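Remarks on the structure that follows.
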Amino acid sequence: MTQLHPFTLLAIAGALPALAWILPSPAGGLSTAAVALGLAIAARSFRTAVFTAAPFWLFLLLLHDVPTTIAIGLRLTTMVASFVWVVAALPAPRLVEAMVAAGWSASVAYVFAATLSAAPVLRARARRIADAQRCRGLSPRGGLAQRLRALRALALPLILSALHEVDERALALETRRLVPGARRTPLSPPSDPPGQRIARWGLVAACAAALAWRLK
Amino acid sequence: MPIRLLVLIPVAAAISLALSAAVDAVALPLFLDTTGTILATALGGPVVGIATGVVTSAVNSLRNPTFWPFVTVQIIVALYAWIAARAGLFRSFKTAVPAGFGLGVIAALTSTPISYLVFGCTTTGGIALTTALGKALGLPPLGACFFGSFVADFGDKAVTFALVTSVLHGLPRRTAARFPWALRAIGAA
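For the record, the sequence lines run as chains A and B. Under the working numbering, residues 1 to 216 are what the first sequence spells out, in order. Under the working numbering, residues 1001 to 1189 are what the second sequence spells out, in order.
Okay, structure coming up:
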């Protein structure tokens, strides 16, 4: 499954929740949830999918009757399991390669990849800033005003330091000629056989047909 | 789009994602997940803000898939922040905080139908509990869902606007002048 083209994986992950919402409940939701959970098992992400979906069932039971809980719960389980599966089955660099190979602008691929790589770096920096501010006597406890002041002391250095990096990053990109609209040649583009392209369009057609059938 | 604004998009999106660590440290019931969108809009204009919002939702969805349906809210937040920046509402806390409260109402109005139709008002534990409280107070299902979203968004967006105002004023003038909207947003141009 992981050898499929990234766009095929995304098409499956998109089609399953769409079908879960379109097809009549509970049979539609049950079948899509079963497929999505089966995929999650295959990608060894079943536990993550279950732990992510479980709170929704709890809150749904708190707010709705049993039939509504089952209907919405199965849809949400499908959505959660599909996303969890696709995240486990599709490494981000492979998706970026596929986007570049498909003719997407290198800037779009950069934005996506740079966010993925910058987020953990900034999260680690946020934790370091929190530790440093605590060493300087910052107390993140107390009343609302004190906590808001503490939040400002933590967030401001993080955001300002990130903004100061913008110029450095821009210079690095300019020297590599990654200007908006530029196209790149991917190093190892994922293979995209015609069968998979047809399957992707087939999934789109299946969703459209299911929608037309439901609206009839 | 100039390269500096292109670079601003992932940096601003990463700021939104990283701020959860700061929020966890102070244990406040805030999301601050639109900080990057508002900041990018105030610095680079609506296109940069919308792109930041979409990227934030997409990358957040990889961690928690419940974020993706709310991408519309990010786009509306970017458009609202652009109007606020054009009007120079980031010039002081006195103008930014009420603007943030306004955004809280708009964000709650926008997110309620998504939360109601897609999640049955169970987006997060906090929203589910406040929705249950709304129901217990006798509100109709959609009204209770709006109550839940409103409680979550109202203060969050005001704090976010105040935080962005602090950042814009904390930026050295020379750095701020490199972004097309920064000085106008703080009423300095």
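Ideal Cβ positions, reconstructed from N, Cα and C, are used throughout, including at glycine. Note that the coordinates shown come from a computational prediction; the quantities given were computed from them, not determined experimentally.
Original post:
Name the chain A residues that come within less than 7 Å of S1061(B), Cβ to Cβ?
Top reply: Position 61 of the second sequence, counted from the start, is the residue given in the question as residue 1061(B). Listed by position along chain A, the residues whose Cβ is nearer than 7 Å to that of S1061(B) are F83.
**OP:** For the alpha helix (DSSP H) containing Q3(A), list its first residue and its last residue.
**Re:** If you number the first sequence from 1, residue 3(A) lands on position 3. Taken as a continuous stretch (DSSP letters only), Q3(A) belongs to no alpha helix (DSSP H), as it is neither H nor E.
**OP:** Assuming V1059(B) and T115(A) form a contact by the criterion Cβ under 8 Å, report the distance between their Cβ atoms to the nearest whole angstrom.
**Re:** Along the second sequence, read from residue 1 onward, the residue named residue 1059(B) stands at position 59. Along the first sequence, read from residue 1 onward, the residue named residue 115(A) stands at position 115. Their Cβ separation, rounded to whole angstroms, is 5 Å, which keeps V1059(B) and T115(A) in contact under 8 Å.
Original post:
Beta carbon of R1078(B), beta carbon of R123(A): below 8 Å?
Top reply: Position 78 of the second sequence, counting from 1, holds the residue named residue 1078(B). Position 123 of the first sequence, counting from 1, holds the residue named residue 123(A). The question names Arg, yet the displayed sequence has Ala at residue 1078(B). No. Outside cutoff.
Original post:
Using a beta-carbon distance below 8 Å, is L215(A) in contact with chain B?
Top reply: Within the first sequence, residue 215(A) is the residue found at index 215, counting from 1. False, the Cβ-Cβ gap to chain B never drops below 8 Å.
Original post:
So P157(A) is in the alpha helix (DSSP H); what residue range does that whole segment cover?
Top reply: Mapped onto the first sequence, residue 157(A) falls at position 157. Secondary structure note for P157(A): its alpha helix (DSSP H) is the uninterrupted segment 144–175.
Original post:
Which residues in the same chain as T68(A) place their Cβ atom closer than 8 Å to its Cβ, once the five residues preceding and following it in sequence are excluded?
Top reply: Position 68 of the first sequence, counted from the start, is the residue given in the question as residue 68(A). Around T68(A): L60.
**OP:** Quick one: using the 10 Å Cβ neighbour count with 16 as the cut-off for buried, is K1135(B) buried or exposed?
**Re:** Residue numbering aside, residue 1135(B) sits at position 135 when the second sequence is read from its first letter. With 16 or more Cβ atoms within 10 Å of its Cβ, K1135(B) is classed as buried.
Subject >> Neighbour list for P6(A) in chain B, Cβ cutoff strictly below 7 Å >> reply: Numbered from 1 along the first sequence, position 6 holds the residue referred to as residue 6(A). Residues of chain B passing the Cβ test: none, with the nearest at roughly 13 Å.
**OP:** Note down, in chain order, all residues in the region 1114–1130 of chain B with a beta-carbon under 7 Å from any beta-carbon belonging to chain A.
**Re:** F1119, G1120, C1121, T1122, G1125, A1128
**OP:** Hey, could you find the ends of the alpha helix (DSSP H) G103(A) is sitting in?
**Re:** Start at 1 with the first residue of the first sequence, and residue 103(A) comes out as number 103. G103(A): not part of any alpha helix (DSSP H); DSSP gives it neither H nor E.
**OP:** Quick one: residues in its chain with C-beta nearer than 6 Å to the C-beta of A1012(B), no 5 flanking neighbours on either side, listed in chain order?
**Re:** Position 12 of the second sequence, counting from 1, holds the residue named residue 1012(B). Result list for A1012(B): G1036, L1039, A1040, T1052, in chain order.
**OP:** Alpha carbon to alpha carbon, how far is L215(A) from G1102(B)? Give it in angstroms, no decimals.
**Re:** In the second sequence, counting from the first residue as 1, residue 1102(B) sits at position 102. In the first sequence, counting from the first residue as 1, residue 215(A) sits at position 215. Straight-line Cα distance between these residues: approximately 37 Å.
**OP:** Indicate whether at least one CB of chain A lies closer than 8 Å to the CB of P1140(B).
**Re:** Position 140 of the second sequence, counted from the start, is the residue given in the question as residue 1140(B). False, the Cβ-Cβ gap to chain A never drops below 8 Å.
**OP:** Identify which residue in S45(A), F83(A), S31(A) has its Cα closest to the Cα of A71(A).
**Re:** Here residue 71(A) is taken as the residue at index 71 of the first sequence, counted from 1. For A71(A), the nearest C-alpha among the options comes from S31(A).
Original post:
Considering W201(A), what are the terminal residues of the alpha helix (DSSP H) in which it resides?
Top reply: For the purposes of this step, residue 201(A) is taken as residue 201 along the first sequence, with counting starting at 1. The continuous alpha helix (DSSP H) containing W201(A) extends over residues 194–215.
**OP:** Would you list, in sequence order, the uninterrupted alpha helix (DSSP H) runs of no fewer than 4 residues that lie entirely inside the region 1–76 of chain A?
**Re:** 6–22, 27–42, 46–63
**OP:** Check distances from the C-beta atoms of the region 1149–1163 of chain B to those of chain A and list, in chain order, the residues that come in under 9 Å.
**Re:** V1159, A1162, L1163
**OP:** Give the DSSP-derived three-state secondary structure of S1020(B) in the structure shown.
**Re:** The count along the second sequence starts at 1 and reaches residue 1020(B) at position 20. If DSSP states are grouped into helix, strand and coil, S1020(B) belongs with the helices.
**OP:** Measuring alpha carbon to alpha carbon, tell me which of F1150(B), S1111(B), A1042(B), A1152(B) ends up nearest R1091(B).
**Re:** Sequence index remark: in the second sequence, residue 1091(B) carries index 91 (1-based). It is A1042(B).
Subject >> 7 Å CB neighbourhood of S1057(B) in its chain, flanking five on each side removed >> reply: Taking the second sequence and counting its residues from 1, the one referred to as residue 1057(B) is at position 57. Correct list, in chain order: F1067, W1068, F1070, V1071, Q1074.
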